[in-house]
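S.K.: First to last, the sequence lines map onto chains A and B. If you use the working numbering, the first sequence corresponds to residues 1 to 162, in order. If you use the working numbering, the second sequence corresponds to residues 1001 to 1253, in order.
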Amino acid sequence: MALLTAADVRAALADLPDPELPVVSIGELGILDRVELHERSIRVELRPTFVACPATELIRSAVEERLADLVPDATPDVTLVFDPPWTSDRISPAGRAKLAAAGIAPPLDPEPGGLITLDVIVPCPYCGSRRTRLDNAFGPTLCRTIRYCADCRQPFEHLKTL
Amino acid sequence: MSTVNPAALGDLLLALADDDFVIGFSDSEWTGIAPILEEDVAMSSIAQDEIGHARAYYELLAELTGGDADAIAYDRPPEAFRHARLLDHGRGDWAMTIARRYLYDTADAVRLEALAGSSHRPLAALVAKIRREEVYHLLHAETWLERLAAAGGEPEARLRAALALLEPDATSVLAPLESEAELLSAGLLTDPSAELVATWLARIRPVFERLGLPLPRADLPAPDRARREHGDAFRWLWGEFTSVRRLDPVAVW
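1) So, does the region 1166-1185 of chain B touch the region 1194-1206 of chain B, judging by three or more C-beta pairs under 8 Å?
2) Who are the neighbours of A:L118 on chain B, taking C-beta pairs under 7 Å?
3) Give the straight-line distance between the Cα atoms of A:T141 and B:S1028, rounded to the nearest whole angstrom.
4) Buried or exposed for A:V35, going by 16 or more other Cβ atoms inside 10 Å?
5) Within this structure, are the beta carbons of B:I1046 and B:H1120 separated by less than 8 Å?
6) Just reading off the beta strand (DSSP E) that A:I146 is part of, what are its end residues?
7) Can you look up A:S167 in the DSSP assignment and give me helix, strand or coil?
8) For A:H158, which beta-bridge partners are listed by DSSP?
9) Any C-beta of chain B sitting closer than 8 Å to the C-beta of A:D77?
10) Can you name the start and end residues of the beta strand (DSSP E) that A:S88 belongs to?
11) State yes or no: is the beta carbon of B:V1041 nearer than 8 Å to at least one beta carbon in chain A?
12) If you follow the alpha helix (DSSP H) that A:S41 is part of, which residue opens it and which one closes it?
13) Within its chain, find whatever has a CB closer than 8 Å to the CB of B:R1228; leave out the 5 residues flanking it on each side and keep chain order.
14) Going by other Cβ atoms of all chains shown within 10 Å of its Cβ, with 16 needed for buried, is A:E39 buried or exposed?
15) Short check: CB of B:L1196 to CB of B:R1085, under 8 Å?
16) Could one say the Cβ of B:L1148 lies closer than 8 Å to chain A's Cβ atoms, at least one of them?
17) For B:I1036, which residues in chain A fall below 7 Å Cβ to Cβ?
18) A:V44 touches chain B at which residues, Cβ-Cβ below 7 Å?
19) In chain order, what residues of the same chain lie with their CB nearer than 8 Å to the CB of B:A1015, ignoring the 5 residues before and after it?
20) Checking the sheet assignment: what are the DSSP bridge partners for B:D1049?
21) Could you check which residue in B:E1134, B:L1103, B:N1005 has the C-alpha nearest to that of B:I1051?
22) Per DSSP, A:L32 forms a beta bridge with which residues?
23) What are the uninterrupted segments assigned as alpha helix (DSSP H) that are 4 or more residues long and contained completely in the region 1196-1248 of chain B, given in chain order?
24) What residues in its chain sit with their C-beta under 8 Å from that of A:P48, if we drop five residues either side in the sequence?
25) Go through its chain and collect everything with a Cβ distance to A:A94's Cβ below 6 Å, but skip five positions before and after it.
26) To the nearest angstrom, how far is the alpha carbon of A:R60 from that of B:L1148?
27) Is there a Cβ of chain B sitting closer than 8 Å to that of A:L4, yes or no?
28) Please list, in chain order, the chain B residues whose beta carbon lies closer than 8 Å to that of A:G139.
29) Could you check whether B:I1023 and B:L1087 sit closer than 8 Å to each other, using their CB atoms as the reference points?
30) So B:G1066 contacts chain A; which residues on that side make the cut at Cβ distance below 7 Å?
31) Might you give, ordered along the chain, the residues of its own chain that have their beta carbon closer than 8 Å to the beta carbon of B:R963, omitting 5 neighbours on each side?
32) Which bits of chain B does A:D83 rub up against, with CB to CB less than 9 Å?
33) Could you spell out the range, first to last residue, of the beta strand (DSSP E) harbouring A:D77?
34) Is the separation between the beta-carbon of A:A101 and that of A:F156 shorter than 8 Å?
35) Tell me whether the beta-carbon of B:L1159 lies closer than 8 Å to the beta-carbon of B:A1099.
36) Could you say which of B:A1054, B:P1192, B:F1208 lies nearest to B:A1017 if we only look at CA atoms?
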């Protein structure tokens, strides 16, 4: 087997699907951060979307499993980092498109000054209408709100701006 | 990693962790029985956040002491918990839960602002992240405080009764820890408790005045009263949240 570089390993890890939203990868969500190869170990930094996200541990396990396949001789060192914190604008354009295609409206840009507010119009990911309303600022997971489109009459979820 | 005063840092982390853990677990009891479906979802989500925040603080404490976060959370007797007395009250009815959440979240927001500049870098970084998530909790608490107060009749009466019951313990969240002097001199905390309480009251005063609710008094409990002497409601809750662990403390989940 050819020697792998940190970039090779990173690319392999970036493809891992998010356990909760498998249409997108941890790379596209901006969860995967640094990958550093050391003499006998490999350090991977993961940036959790929400501190309490229960998928984080599943992602950590998936990363460790893939590292065991790719670089079995290196000791894995998978760490969670909060500095700087994950923000929803770390989701890549490809990730945003895939979320929308799955019926989950991607996060909006934060207000100027970084203010988080609920008073925003989220276009419907199905029909594009702006005649949508917020049904719940909380949803089935920490990262999603529940909304409703008055035009195509479907509920949809929206990834919270954070 | 700060080694300037690990005992004081440990006190701080334990208080932060126990506060979020106790209110998180307590509010999680609404799952399945909240007054309306959307609030079942909301309160479950908020409670999950709080427990996750608690876990992150317990992990920082575990790094400091060389211990294990699960052991810290689950293996202490009730008298060893250091959460604020405000959170000793059970979740009660919906009005009590909202009143408790409002008083807690607004005080916690002031506390977290003060910790954003902590000399312990890992704590400052975690707090910066947590503050962004807490914005959604604050919006929820404010919305419901207003909704109940403005409704008149039974909702308003229950809210007033809840606030009256909680009022003597309202400042316990921001009361000084026993190691406050050390925390301030080490820069782990950047503002003294008295200032935090003043900031908190100034911030909630306009809301309480607008809604015609009595503002909590500024009296601070002594450090040994703010976070010790937990009552029967908490002992019952402790029995609940440790019940699985106590069945088999060495089980691997």
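The beta-carbon is built from N, C-alpha and C at its ideal position, and this holds for glycine as well.
M.R.: For this structure:
1) yes
2) L1139
3) 14 Å
4) buried
5) no
6) 144-149
7) Residue coverage of chain A in this structure runs from 1 to 162, which leaves residue 167 of chain A outside it and unanswerable.
8) A:A105, A:T145
9) no
10) No beta strand (DSSP E) holds A:S88; DSSP gives it neither H nor E.
11) yes
12) It is not in any alpha helix (DSSP H) - A:S41 instead sits in the beta strand (DSSP E) that spans 41-46.
13) E1079, R1082
14) exposed
15) no
16) no
17) By Cβ distance, chain A contributes nothing, its closest Cβ being about 10 Å from B:I1036, past 7 Å.
18) Within 7 Å Cβ-Cβ: nothing; A:V44 doesn't reach chain B, min ~18 Å.
19) R1082, H1083, A1084, L1177, R1227
20) Bridge partners of B:D1049: none, in fact.
21) B:E1134
22) A:L46
23) 1223-1226, 1232-1241, 1243-1247
24) I31, T56, L80, F82, W86
25) E28
26) 42 Å
27) no
28) V1041, S1045
29) yes
30) Per Cβ cutoff of 7 Å: no residues; B:G1066 is ~18 Å from chain A at best.
31) No statement about residue 963 of chain B is possible, as the shown extent of chain B runs from 1001 to 1253 and does not include it.
32) R1121, P1122, A1124, A1125, L1126, A1128, K1129
33) 75-80
34) no
35) yes
36) B:A1054
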